[in-house]
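Asker:
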Amino acid sequence: MRRNDNYLPVPGEEKNLDVDFVNESIPMKNMYADEGSPLYPRLGPYFTDGRRRVDYVLAYQIQKPTSIRRQSSRFGDNNFIRRLRRSMSMRSSRAPLQPKEDPEIAAQKQRTDYHEDDKRFRREEFEENLLETGLELEKDEGGKIPGIGFLKIHAPWNVLCREAEFMKLKMPTKKVYEVKQGSNLVEKIRLFIHKVTAPLHPKVDANRPQSIKSLSHPFSREKQHLFDLSDRDKFFDSKTRSSIVYEVLKRTRCTRAKYSMGITSLLANGVYTSAYPLHDGDIEGVNAEANDRKLLYEEWASYSVFYKYQPIGLIRKYFGEKVGLYFAWLGVYTQMLIPAAIVGVIVFLYGCATVDDNIPSMEICDPRNNITMCPLCDRACSYWKLVTACGTARASHLFDNPATVFFSIFMALWAVLFMEHWKRRQMRLNYVWDLTGFGEEEEDHNRAEYEFRVMKKTMKQDNSTPKGEKVKLTCTDRMPAYLTTVVMMFFMILVTFAIVFGVILYRISIKAALHMSTYPVARSNIRATVKTTAAIINLIVIIIMDEVYAAIARWLNTLEVPKTDKSYEERLIFKTFILKFVNAFTPIVYLAFFRGRLVGRPGNYLYVVGSYRMEECAHAGCLMELCIQLCITMLGKQLIQNNLFEIGIPKLKKLLRRRKSDLDSKQEEEVNKTLQRHEKDHIMGPFVGLSPEYMEMIIQFGMVTLFVASFPLAPLFALLNNIIEIRLDAKKFVMELRRPIAAKAKDIGIWYNLLRGLSKVAVIVNAFVISFTSDFIPRLVYQYMYSLDGTMHGFVNHTLSYFNVSDFQPGTDPLEPMHLGYSVEICRYKDYREPPSSNTPYELSKEFWAVLAARLAFVVVFQNVVMLMSDFVDWLIPDIPKDISLQIHKEKILMVELFMKEEQGKRLAARDNHNQDNCNSPSLASRSPAQPRSRPATHAVVWDHKRKEQEANEAPEYKL
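With the first letter of the sequence shown counted as 1, position 942 gets the number 1311 in the working numbering; the numbers rise by one all the way through.
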């Protein structure tokens, strides 16, 4: 607020302040609603007259100075009784003299009142500007929510038409045409599946046949006759009306401050506390009438319809295209998980069926193979028998078998098919929703924070900036924020690495502690205890750090001050994705590619942080530990972070709100029944966007595709989670959140690029998992290069090297060397190294280099073959379905024909009028001699020639 603006009310003029404002704001109606008016009962989202629909609501604080609060309350209900009570209380309060107030407290109150007055004056100016745009307003400050006032906004017909033309909204015309289905094989299969699954489709839009579509065209007031305006109340639905009002709110400015402020700036400065469109009506109760919200609850947001398809058309109609596209994408993703889950279960069952025929695990479990293994840790650990790893070896075969290679190739092709299927589905939705002409040139308004920074820069450069030059934020202005972002992102990634390293030290130390324990129970299953507890710790850390990283990403994004909402959203998504992806997958990447490779050998181990010896993999490899980590992380994130938080946190907030209230549950329900629609929606949670919903699904997609070779059941768990997730999100959108502003979008934006990038990286990651993490390549190399009979007999002995226990470094040999009951001279360890009797003892053997070459060759071949197959599938499937491209072409032809007929009608009408004028001109001239002379013939010919030339130039606009 400027220093010279005297916004504080003068004591002598306070009486008429509110009265003048009310009388000037709306000439045809009192701006303050009369509570409980007997003439116009307030039912549904309407003004108190019961006729005009509330299209948008602005909420604000009404903590005003006491004198102003007294004046504004005169316009509520029971005015006479209230004034009588107030006058009586004022008379009684004047009797005793009050002590003087502390000057400091009085000054603080004056500053508060000054600030509240400033907000009120800004609201007054903004509301006056809204009235000038043609919107109709009604205030409600006598509601059931204390301290909150509501400004209800209604857009009349002329404003809706004007803004729809300005926004180029596509509206259905009177012209309808039949949508012919494709005749090729793919379309016939699709139609057959649609007929078979008819019972699974929701019971919505039953009155309108699917084969009939209205021809849509950008609304124009000059061409209103083209549109079906028989029912004006339903021509613009509630979603369109609220989006139109929101555009007006964004454009309308409040210039009382030094810079103009739209609704976004007013919300950021606390002039208004919230702004939202209203839900259509109630879901439950006696007064609940049939509406789209109730239909969505019955056919979409109920767990009893979990097996049905989603009513995507109704979701789009109620919430807008952006929300509709998210749930359409989530539905396609969940559908595509069904075949992936089935194949994953088959691969897992194949491992279960062949575990008894697996020769390497049989050799490990055979007690006749008296193989003594070297200690797993220094001093505390002793020698151990290989037969004790029998359970781990058998369990590893469930996930490490030849079928996992096939499953990895299948999932790589599945990801490509999923992306192609979604692109085709997206194009079909664009056609059905009339988004084919929706471009990226749509106007995107500046954010409030950006305008505020520009205002501050303008105030600093008032004298130096030339007149007419527009001030904007440059790269130089944002450079400190960019540097802060880079440094903080790098630091947060290092923090993630440090946390993973801390869990590694935990595993090393707890393993040594359990080996030294005197309790038999603690020493019975050390490996399983360490693996499970470490995975749970990782899960807890991931969940906690996810929230921390989300807050840091928002803070960094705010520092950069993006210009538009779209830029803000894309930058925030990128930062959050990087941090959360690193947070979720760093422990998994360590287990897959680093654990067991940075170990060393007996007598020359690698140590970190002093005496901590790096941990080894089990004899069957690290794949089992990788599977456990993936399973716990995926299930834990889905169960705790996605579902429990989404269900538990709203219920916890509701419980805390109820405990703060003096009413019990029954009284609260009775009060809720008496609340108006805008008050009920105000109690709901604000809509914060779709980014959190997309983010959890993108991380899940990474879990399903990146390390699927080690966990074939990942698609099954993802499918079960998504079936619950869809209904959970639906219930949240319909019942717990305020209605979002309907936003148009023709695709899912940056999320598609992230999905495509993950599907490409998944091919490389799975190639390395199969090659380096599992024993698939060593088994192939042994079978075809070193096996005497071409079988896997002797594979376990081939992978174990020899170590002479006399070569232990001092202080690293076991404290109990006689733990097995006999003296050990030679122990075995898993590696390809020369024996102690060789000329180069403990050096890498030629078998190691042969296996390494085979592993690298497999990575190259697997990656290129799968990428080639993926590109072939991408090329084979067109992005746009053939029937959709034909329908779009047909729609353009019909639109051209419609306008050509209209132009011909105009020409015929003009020609008839012209002929009638020529026939009537002599009689008119004879009756009125004072008429001016008719146009000369030459002029008429020239005019007619110009008219024909203009028509010829305009005609090509209608051609394709």
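Just so you know, even glycine gets a beta-carbon here, dropped at the ideal spot from N, CA and C.
Taking the alpha helix (DSSP H) that Asp602 belongs to, which residues open and close that run?
Answerer: The residue given as residue 602 occupies position 233 in the sequence shown. Its alpha helix (DSSP H) spans residues 601 to 604.
Asker: State the Cα-Cα distance for the pair Ser1140 and His766, rounded to the nearest angstrom.
Answerer: Within the sequence shown, the letter at position 771 stands for residue 1140. Within the sequence shown, the letter at position 397 stands for residue 766. So the two alpha carbons sit approximately 15 Å from each other.
Asker: What does a CB cutoff of less than 8 Å around Gly1159 pick up in its chain, not counting 5 residues either side in sequence?
Answerer: Sequence index remark: in the sequence shown, residue 1159 carries index 790 (1-based). These residues qualify, in order along the chain: Gln1152, Tyr1153.
Asker: One question on the structure: do Ala670 and Val1103 come within less than 8 Å of each other, judged by their Cβ atoms?
Answerer: Translated into the one-based positions of the sequence shown, residue 670 becomes position 301. Translated into the one-based positions of the sequence shown, residue 1103 becomes position 734. It is a contact, given that the beta carbons lie within the stated cut-off.
Asker: Excluding the 5 residues flanking Ser1175 on each side, which residues of the same chain have their C-beta closer than 7 Å to its C-beta?
Answerer: The sequence position of residue 1175 within the sequence shown is 806, counting from 1. No residues qualify anywhere along the chain.
Asker: Mapping the DSSP letters down to three states, classify Leu412 as helix, strand or coil.
Answerer: Numbered from its first residue, the sequence shown carries residue 412 at position 43. Because the pLDDT at Leu412 is just 47, under 50, the model does not fix this residue reliably, and the value given afterwards should be weighed accordingly. Leu412: coil per DSSP, three-state reduction.
Asker: Keeping to the same chain, check which residues put their C-beta closer than 6 Å to that of Gln479; ignore five residues upstream and five downstream.
Answerer: Numbered from 1 along the sequence shown, position 110 holds the residue referred to as residue 479. Reliability fails at Gln479, whose pLDDT of 41 lies under 50, so the model's placement of it is uncertain and no value is given.
Asker: Shortest alpha-carbon distance to Tyr719 belongs to which of Tyr687, Glu939, Thr773?
Answerer: Taking the first residue of the sequence shown as 1, we reach residue 719 at position 350. Nearest C-alpha to Tyr719: Thr773.
Asker: Taking the DSSP output, what are the residues bridged to Lys521?
Answerer: In the sequence shown, residue 521 corresponds to position 152, counting from 1. The partner list for Lys521 (beta bridge, DSSP) reads Val426, Glu507.
Asker: Once the 5 residues before and after Lys1331 are set aside, which same chain residues still bring their CB inside 7 Å of it?
Answerer: Nothing about residue 1331 can be reported from this structure: the residues present for the chain run from 370 to 1329 only.
Asker: Counting along the chain, where does the beta strand (DSSP E) carrying Phe1172 start and finish?
Answerer: Locating residue 1172 in the sequence shown gives position 803, counting from the first residue. Boundaries of the beta strand (DSSP E) around Phe1172: 1169 to 1173.
Asker: Tell me which residue opens and which closes the beta strand (DSSP E) that Leu584 is part of.
Answerer: For the purposes of this step, residue 584 is taken as the residue at position 215 of the sequence shown. First-last of the beta strand (DSSP E) with Leu584: 581 to 587.
Asker: Quick check: the Cα distance between Val713 and Leu1157, rounded to an integer number of angstroms?
Answerer: Here residue 713 is taken as the residue at index 344 of the sequence shown, counted from 1. Here residue 1157 is taken as the residue at index 788 of the sequence shown, counted from 1. The residue asked about is misnamed: residue 713 is Gly in this sequence, not Val. Straight-line Cα distance between these residues: approximately 34 Å.
Asker: Do the segment 794 to 810 and the segment 1109 to 1119 meet, that is, are 3 or more Cβ pairs less than 8 Å apart?
Answerer: yes
Asker: With DSSP run on the structure shown, which of helix, strand or coil describes Phe1164?
Answerer: If you number the sequence shown from 1, residue 1164 lands on position 795. Residue state, collapsed to three classes: helix.
Asker: When we look at the beta-carbon of His563 and count the other beta-carbons within 10 Å, is it buried (16 or more) or exposed?
Answerer: Along the sequence shown, one-based indexing puts residue 563 at 194. By the neighbour-count criterion, in which a residue is buried when 16 or more other Cβ atoms sit within 10 angstroms of its Cβ, His563 is exposed.
Asker: Per the DSSP calculation, Trp753 is bridged to which residue(s)?
Answerer: Stepping through the sequence shown from its first residue, residue 753 is reached at position 384. In the DSSP output, where bridge partners are listed per residue, Trp753 has Met742.
Asker: Strictly by DSSP, which residues pair up with Pro541?
Answerer: Taking the first residue of the sequence shown as 1, we reach residue 541 at position 172. Paired residues: Ser585.
Asker: Could you check how far apart the C-beta atoms of Cys623 and Leu635 are, in whole angstroms? I think they sit under 8 Å.
Answerer: Taking the sequence shown and counting its residues from 1, the one referred to as residue 623 is at position 254. Taking the sequence shown and counting its residues from 1, the one referred to as residue 635 is at position 266. 6 Å between Cβ atoms; contact.
Asker: Apart from the five residues on each side of it in sequence, which residues of its chain come closer than 8 Å, Cβ to Cβ, to Thr621?
Answerer: The count along the sequence shown starts at 1 and reaches residue 621 at position 252. Once the five neighbours on either side are set aside, the close Cβ partners of Thr621 are Phe495, Asn498, Leu499, Thr502, Gly631, Ile632.
Asker: Start and end of the beta strand (DSSP E) containing Tyr695?
Answerer: Taking the sequence shown and counting its residues from 1, one reaches residue 695 at position 326. Premise fails: Tyr695 lies in the alpha helix (DSSP H), 690 to 723, not in any beta strand (DSSP E).
Asker: My parser needs the alpha helix (DSSP H) runs of 4 or more residues fully inside the segment 1207 to 1287; what are they?
Answerer: 1215 to 1245
Asker: Secondary structure at Val977, three-state DSSP: helix, strand or coil?
Answerer: In the sequence shown, counting from the first residue as 1, residue 977 sits at position 608. Val977 falls in the strand class under three-state DSSP.
Asker: Sorted by chain position, which residues of the same chain lie with C-beta nearer than 7 Å to Pro736's C-beta, five sequence neighbours on each side aside?
Answerer: Within the sequence shown, numbered from 1, the residue matching residue 736 stands at position 367. A distance below 7 Å between beta-carbons, with the five flanking residues on each side excluded, links Pro736 to the following residues of its chain, in chain order: Val756.
Asker: Along the chain, where does the alpha helix (DSSP H) that runs through Ile1095 open and close?
Answerer: In the sequence shown, counting from the first residue as 1, residue 1095 sits at position 726. 1083 to 1100 is the extent of the alpha helix (DSSP H) around Ile1095.
Asker: So Glu591 packs on Met536, CB below 8 Å; how close in whole Å?
Answerer: Within the sequence shown, residue 591 is the residue found at index 222, counting from 1. Within the sequence shown, residue 536 is the residue found at index 167, counting from 1. Wrong, their Cβ atoms sit about 16 Å apart, outside the cutoff.
Asker: My understanding is that Cys991 touches Leu941, with C-beta atoms under 8 Å, so please give their C-beta distance in whole angstroms.
Answerer: The residue you call residue 991 lines up with position 622 of the sequence shown. The residue you call residue 941 lines up with position 572 of the sequence shown. Going by Cβ atoms, the distance from Cys991 to Leu941 rounds to 36 Å, so no, they are not a contact pair.
Asker: Under a three-way DSSP split, which group does Ile1195 fall into?
Answerer: For this step, residue 1195 is matched to residue 826 along the sequence shown. Three-state DSSP puts Ile1195 in a strand.
Asker: If you draw a straight line from the alpha carbon of Glu507 to that of Ala920, how long is it in whole angstroms?
Answerer: Position 138 of the sequence shown, counting from 1, holds the residue named residue 507. Position 551 of the sequence shown, counting from 1, holds the residue named residue 920. If you take the alpha carbons of Glu507 and Ala920, they lie about 38 Å apart.
Asker: Looking only at DSSP bridge pairs, what is Ala644 linked to?
Answerer: Along the sequence shown, read from residue 1 onward, the residue named residue 644 stands at position 275. Paired residues: Leu427.
Asker: So the candidates are Tyr976, Asn1173, Ile711, Pro1204; which of them puts its Cα closest to the Cα of Ser1192?
Answerer: Counting from 1 along the sequence shown, the entry for residue 1192 is found at position 823. Minimum Cα distance to Ser1192 is reached at Asn1173.
Asker: Determine the burial state of Ala1087: buried for a count of at least 16 other Cβ atoms within 10 Å of its Cβ, exposed for fewer.
Answerer: Here residue 1087 is taken as the residue at index 718 of the sequence shown, counted from 1. If you draw a 10 Å sphere on the C-beta of Ala1087, you find 16 or more other C-beta atoms in it, and that means buried.
Asker: Alpha carbon to alpha carbon, how far is Gln1256 from Leu595? Give it in angstroms, no decimals.
Answerer: The residue labelled residue 595 in the question sits at position 226 within the sequence shown. The residue labelled residue 1256 in the question sits at position 887 within the sequence shown. Computed Cα separation, rounded: 21 Å.
Asker: In terms of residues, what are the limits of the alpha helix (DSSP H) holding Leu1184?
Answerer: One-based indexing of the sequence shown puts residue 1184 at position 815. Segment: none, Leu1184 is in no alpha helix (DSSP H) and carries neither H nor E.
Asker: Relative to the alpha-carbon of Leu665, which residue among Pro571, Val977, Cys986 has its alpha-carbon at the smallest distance?
Answerer: Taking the sequence shown and counting its residues from 1, one reaches residue 665 at position 296. Among Pro571, Val977, Cys986, the Cα nearest to that of Leu665 is on Pro571.
Asker: For Phe807, collect the residues of the same chain with a Cβ closer than 7 Å to its Cβ; drop the 5 residues on either side in sequence, then sort them by chain order.
Answerer: Stepping through the sequence shown from its first residue, residue 807 is reached at position 438. Cβ within range, chain order: Lys1113, Lys1115.
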